[in-house]
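Taking our numbering, the leading residue of the sequence shown gets 102, the next gets one more, and so forth. Since the structure comes first, as structure tokens, the remarks are kept for the end.
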Amino acid sequence: MPPDPTADAYIALGANLGDPLAALRRAAAHLGTLGQVAGVSALYRTAPVGGPPGQPDYLNAAAHLRTTLSAETLLAALHDLEAAAGRERHERWEARTLDLDLITHGARVSAHPALTLPHPRAWDRPFVLAPLHDLNPDLRHPVTGETVRGALSRLGMGRLGMDGVQRVGGPWLP
């Protein structure tokens, strides 16, 4: 079977337990083993959304990966990275040592329980959209056609001054 054609995948990175910055750095570095990292966003500090009360703030970023891996294989590799970082899954939206979400994989659309593409809540979450905006403000939702820029505007967030989403200054990758 021939390899899958190269796909532009966008991945959201987040962490709020342990050493979140170190976890995001390790994850971003490892993405290079899964394809060509075409870009990494700035780092954002964000308030937790949902889940148990009293969670610490998250550090969030996004990466653009050009990959020949299928969406299923890429998602499995992302889950392996989470597990290697000590991620445990007990409660929905709980604090985590590493969270890697596959937001889009080319124009692939999937409603399968094991793989939902595009990510079902990404275009409604400023903590995902702000980093994606750094990488590609014109990235379109594969079903609705709405751009990242348009989603931020729809949410009344604009580009700067987003409630609960703060850009962290300076470079974060070594």
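Think of the CB as a built atom: it goes at the ideal place given N, C-alpha and C, for glycine as much as any other residue.
Rounded separation between residue 143 and residue 169 - CA only: Pairing residue 143 with residue 169, the inter-Cα distance amounts to about 25 angstroms.
Coarse secondary structure for residue 222, derived from DSSP in three states: Three-state result, residue 222: coil.
Outcome for residue 290 when other beta-carbon atoms lying within 10 angstroms are tallied against a minimum of 16: Any property of residue 290 remains undetermined from this structure, which presents the chain solely from 102 to 275.
Cβ neighbours of residue 270 in the same chain (closer than 6 angstroms, five flanking residues each side left out): There are no such residues.
Where residue 274 falls, given that 16 or more other Cβ within 10 Å makes a residue buried: The residue in question, residue 274, is exposed, as its Cβ has fewer than 16 Cβ neighbours within 10 Å.
Residue 268 beta carbon less than 8 angstroms from that of residue 111: Residue 268 sits away from residue 111, with the two beta carbons spaced by 8 angstroms or more.
Contact set for residue 223: own chain, Cβ-Cβ below 6 angstroms, skip 5 residues either direction: If we look at residue 223 and ignore the five residues flanking it on each side, its Cβ neighbours are 204 and 229.
7 angstroms CB neighbourhood of residue 238 in its chain, flanking five on each side removed: Around residue 238: 248, 249 and 250.
Closest residue to residue 152 among 235, 159 and 196 (Cα-Cα distance): It is 196 whose Cα lies nearest to the Cα of residue 152.
Straight-line Cα distance separating residue 154 from residue 218: Residue 154 has its alpha-carbon roughly 29 angstroms from the corresponding atom of residue 218.
Where residue 221 falls, given that 16 or more other Cβ within 10 Å makes a residue buried: Under a 10 Å Cβ-count criterion, residue 221 is classified as exposed, with fewer than 16 other Cβ atoms of the shown protein chains found around its own Cβ.
Coil, strand or helix - residue 179 by DSSP: Helix.
Beta-carbon spacing of residue 166, residue 128 below 8 angstroms: Against a cut-off of 8 angstroms, the Cβ pair of residue 128 and residue 166 comes out as no contact.
Rounded straight-line distance, which links the Cα of residue 118 to that of residue 216: For residue 216 and residue 118, the gap between their C-alpha atoms comes out near 25 angstroms.
Spatial distance of residue 160 from residue 106 (CA atoms): If I take the Cα positions, the gap works out to 32 angstroms.
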